[in-house]
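Take a look at the structure below.
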Amino acid sequence: NAGVTQTPKFQVLKTGQSMTLQCAQDMNHNSMYWYRQDPGMGLRLIYYSASEGTTDKGEVPNGYNVSRLNKREFSLRLESAAPSQTSVYFCASSATWDRGNTQYFGPGTRLTVL
Amino acid sequence: GENVEQHPSTLSVQEGDSAVIKCTYSDSASNYFPWYKQELGKRPQLIIDIRSNVGEKKDQRIAVTLNKTAKHFSLHITETQPEDSAVYFCAEGGYQKVTFGTGTKLQVIP
Chain A
19 NAGVTQTPKF QVLKTGQSMT LQCAQDMNHN SMYWYRQDPG MGLRLIYYSA
69 SEGTTDKGEV PNGYNVSRLN KREFSLRLES AAPSQTSVYF CASSATWDRG
119 NTQYFGPGTR LTVL
Chain B
328 GENVEQHPST LSVQEGDSAV IKCTYSDSAS NYFPWYKQEL GKRPQLIIDI
378 RSNVGEKKDQ RIAVTLNKTA KHFSLHITET QPEDSAVYFC AEGGYQKVTF
428 GTGTKLQVIP
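Chains A and B, in that order, give the protein sequences.
In the numbering used here, each residue's number is its place in the first sequence (first place is 1) plus 18.
In the numbering used here, each residue's number is its place in the second sequence (first place is 1) plus 327.
See below:
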């Protein structure tokens, strides 16, 4: 039981390049989330998927897109990376959002955009 | 929208002393208040949570209190140990998602 996994662990991009961050969970959770973490700003929600087949914007969605591929997988895409997107990205999942919503986090992806 | 304020941003205590971190929230519909601990370079992990129908919850050296009227909740760590050194995040759970505070860096000095 791996929990929440993310790939890659590290990535360096040049401005304007695109990439997709992958996330998968094996806990049969319904809800999945993408956060970015910057120094002094906590965890900010980018996009979330409350259940398979739905996605919604969070606090900071600009410059990102997501795909809930199936119940297990939730990917985050940067179409044209910018230096402001340099951050640590965490994926998380929870069983359901309306019963406490305990979130289980992946190990994170450290992204640098030059 | 939801907003969670967390104080202090940094906290240093001597080993064995207590540490208290406080949060306030704005959404009166919130009903779930978790606390996460993040060690350096690691992922956030849940350490304790409280639901809106409970005023206090304890788990060994950790306790959380909730005042729904004032929209305050706090984390209390007693008999602190060096391994308690980490960043702690409070959060409020509302409709479909959770909003996190900005974190408190706790340093326990041996």
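Just so you know, even glycine gets a beta-carbon here, dropped at the ideal spot from N, CA and C.
Since we're looking at a predicted model, the values are computed, not measured.
When the Cα atoms are used, what is the spatial distance from residue i to residue j?
i, j, result
"A/Arg86", "A/Gln43", "12 Å"
"A/Met45", "A/Val22", "8 Å"
"B/Gly328", "B/Asp354", "Low local confidence applies: a pLDDT of 49 at B/Gly328 is under 50, so the model's placement there is unreliable, with the coordinate-based value given in what follows. C-alpha separation (whole angstroms): 7 Å."
"B/Glu293", "B/Val435", "In the structure as shown, chain B starts at 328 and stops at 437, and residue 293 of chain B therefore has no counterpart that could be examined."
"A/Thr72", "B/Arg388", "40 Å"
"A/Pro26", "B/Thr426", "25 Å"
"A/Ala99", "A/Ser105", "12 Å"
"B/Lys424", "B/Phe360", "12 Å"
"A/Gly34", "A/Asp56", "21 Å"
"A/Val131", "B/Leu367", "22 Å"
"B/Gly382", "A/Ser36", "47 Å"
"B/Asn380", "A/Gly58", "31 Å"
"A/Leu31", "A/Gln40", "16 Å"
"A/Ala68", "B/Thr392", "28 Å"
"A/His47", "A/Glu77", "22 Å"
"A/Gly126", "A/Ala110", "10 Å"
"B/Ala356", "B/Gly420", "9 Å"
"B/Ala413", "B/His334", "15 Å"
"A/Tyr51", "B/Val340", "34 Å"
"A/Pro101", "A/Gly81", "11 Å"
Hey, residue i and residue j: beta-carbon distance below 8 Å or not?
i, j, result
"B/Arg378", "B/Asn358", "yes"
"A/Phe28", "A/Arg95", "no"
"B/Thr429", "B/Ser336", "yes"
"A/Gln121", "A/Ser112", "yes"
"A/Glu97", "A/Asn83", "yes"
"A/Tyr107", "A/Arg62", "no"
"B/Leu433", "B/Leu338", "yes"
"B/Asp344", "B/Trp362", "no"
Name the residue from the options whose alpha carbon lies nearest to the alpha carbon of residue i.
i, options, result
"B/Ala418", "A/Asn119, A/Tyr107 and A/Glu97", "A/Asn119"
"B/Phe416", "B/Arg388, B/Arg370 and B/Asn380", "B/Arg370"
"B/Asn365", "A/Leu132, A/Val131, A/Gly124 and A/His47", "Here residue 365 of chain B turns out to be Gln, not Asn, going by the sequence shown. Cα-wise, what sits closest to B/Gln365 is A/Gly124."
"B/Ile404", "B/Lys385, B/Gly368, B/Pro437 and B/Glu332", "B/Lys385"
"B/Pro437", "B/Asn330, B/Gly421, B/Gly420 and B/Glu410", "B/Glu410"
In this structure, what does DSSP give as the bridge partners for residue i?
i, result
"B/Gly420", "B/Tyr359 and B/Val425"
"A/Leu94", "A/Leu39 and A/Val84"
"B/Lys364", "B/Gln372 and B/Tyr415"
"A/Thr134", "No answer is possible for residue 134 of chain A: it lies beyond the span of chain A, which begins at 19 and ends at 132."
"B/Asn330", "None, per the DSSP bridge assignment."
"A/Val131", "A/Leu31"
"A/Asn119", "None, per the DSSP bridge assignment."
"A/Lys75", "A/Tyr65"
"B/Val347", "B/His403"
"B/Val340", "B/Val435"
Which same chain residues, not among the five before or five after residue i, have their C-beta less than 7 Å away from its C-beta?
i, result
"A/Gly60", "none"
"A/Ala20", "Asp44"
"A/Pro79", "Ile64 and Tyr65"
"A/Lys75", "Tyr65"
"B/Ala346", "Leu338, Val340, Ile404, Thr407 and Leu433"
Could you pull out every residue in the same chain whose Cβ sits closer than 6 Å to the Cβ of residue i, ignoring the five residues on either side in sequence?
i, result
"A/Thr38", "Ser93 and Arg95"
"B/Tyr351", "What sits at residue 351 of chain B in the sequence shown is Thr, not Tyr. Excluding positions up to five away in sequence, the list reads Glu332, Lys398 and His399."
"B/Ile348", "Leu402, Tyr415 and Thr431"
"B/Asn330", "Ser353"
"B/Ala390", "His403"
With a CB to CB cut of under 8 Å and the five nearest residues on each side skipped, what residues in its chain are close to residue i?
i, result
"A/Leu90", "In the sequence as displayed, the identity of residue 90 of chain A is Arg instead of Leu. Counting only Cβ-Cβ distances below 8 Å, and skipping sequence neighbours, we find Ala42, Gln43 and Asp44."
"A/Glu70", "Asn48, Arg86, Asn88 and Lys89"
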